[in-house]
Structure formats: structure tokens, C-alpha cells
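Each residue of the sequence shown is one higher than the one before, starting from 1228 at the first, in the working numbering.
For glycine and all other residues, C-beta sits at the position ideal for the given N, C-alpha and C.
These notes concern the structure reproduced below.
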Amino acid sequence: MKPKLSIGVCVLISLALVLFGLIFGTLSGFNDDRKEVMALLSGEGGLMDVLQFRGADGLNLTVVARRHLPAGDADVQAVENAAGKLREPQASLSALKEQDRRLAAAVERVAEKLAQTPSFQASARDKSYLDMLKADLQKLSASPVIATYNQAAADFNKQLDSKTGGALARLLGMQPCELYQ
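Next comes the structure, spelled out in C-alpha cells:
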């Protein structure tokens, strides 16, 4: 003879299964979406790579600038500091954005100083290298990766702010993605 479960126990088991399915489905869906956003951030060719390249270009500019500008020039030091901080992967995106702004401003100041230096004007190689670095920095700052990441992160955050699944995901510890702005 089969043992019979009471209706109350069957309803309780059914509710537990539905609750488990709801939690598991919500978390796995949000985790998958977050992984896609994180791939745009730190995956190959992602936003962090763009910032790494900008930092590397800034450090290359300091090498050129040190050939022609006096030792200890504050603007060259500013380029070096900002470029070095852009290459720190643990920094927050808001801190990296600030360092990127500082780098851009310092690069312009250093380029102006170099343009006024006779030894730099006499070096066709360094002049063309500066032009190449400035073009590369400008191209990287206008990279579509930045807008793509920001859009994906904003979409994820909007989804996370929804009243249904987003509220449950937040309750279970899902965090929004930081925007690069």
C-alpha cells in the first residue's frame, strides 16, 4: 500500500519547488546578463583594454617629453601619474574616468610645451611620434567600446531596478554595474 501525503504537504512541496525555480531562474538570468556586461568591461578588447592602451600611450609620451623638457617638469609628471593609475585594474571606473580626464589635459599641456621646444622641433621622429600618440589617444577616447559598455551596464541596471525580477535579484545580493562616466 502506498503512503499518502496530506494535501497540505503536497501544496507546501509545490510552493517550495516554485519558489526554488523562481529564485534559481532569476539569479541565473541576472548572472548571465552581468557576465555579458563584465565581458565588455574586462574581456579582450573591452573597456579596461582601452584604458590600458591609453595609459601605455601616456607613458610613451613621457619618454619623448623627458628627452626635450627639463627634468622634473610638473606636466610630464602629471602625464606619468595619470597614465600609471589608468593601468591599475583594481581602481573603480569613476576613479579611472577621472585619471583619464587628467591624462587628456596633461597630454595637451605637454604637447604645447614640446611644440615650443627647439630640440623637439628639430626632431622629425619625435614630432611624428607625438602626432601618432595624440591621434591614438584621441581614437581610444572615442572608442565605441566605451559607449557599448555604458549602454550594456545601463540596460542591466535598469533591468535590476524592475519591480519584479530585479527586486528579487537585489534582495538576493545582485549588485548594479558601475558606469564609466
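State the start and end residues of the unbroken alpha helix (DSSP H) segment that holds residue i.
{"i": "Leu1246", "result": "1234-1269"}
{"i": "Arg1329", "result": "1320-1342"}
{"i": "Glu1307", "result": "1301-1313"}
{"i": "Tyr1376", "result": "1371-1387"}
{"i": "Lys1354", "result": "1351-1368"}
{"i": "Ala1298", "result": "Neither: Ala1298 is in no alpha helix (DSSP H) and is coded neither H nor E."}
Please confirm whether residue i and residue j have their CB atoms less than 8 angstroms apart.
{"i": "Leu1313", "j": "Val1303", "result": "no"}
{"i": "Asn1308", "j": "Leu1360", "result": "no"}
{"i": "Tyr1376", "j": "Gly1270", "result": "no"}
{"i": "Leu1341", "j": "Ala1298", "result": "no"}
{"i": "Ser1370", "j": "Val1277", "result": "yes"}
{"i": "Ala1396", "j": "Leu1254", "result": "yes"}
Thinking just about the alpha-carbon of each residue, which of the options is nearest to the one in residue i?
{"i": "Ala1349", "options": "Val1245, Arg1294, Leu1249, Phe1280", "result": "Arg1294"}
{"i": "Ala1420", "options": "Gly1252, Gly1392, Met1275", "result": "As displayed, the chain neither begins before 1228 nor continues past 1408, which places residue 1420 out of reach and without an answer."}
{"i": "Leu1399", "options": "Cys1237, Phe1257, Glu1405, Leu1286", "result": "Phe1257"}
{"i": "Leu1330", "options": "Thr1253, Ser1368, Ala1298", "result": "Ser1368"}
{"i": "Leu1406", "options": "Ala1396, Gln1378, Ala1351, Ala1394", "result": "Gln1378"}
{"i": "Gln1365", "options": "Ala1351, Ser1389, Gly1285, Lys1354", "result": "Gly1285"}
Stretch pair the stretch 1245-1263 + the stretch 1375-1387: three plus CB contacts closer than 8 angstroms = With the cut-off at 8 angstroms, the stretch 1245-1263 and the stretch 1375-1387 touch.
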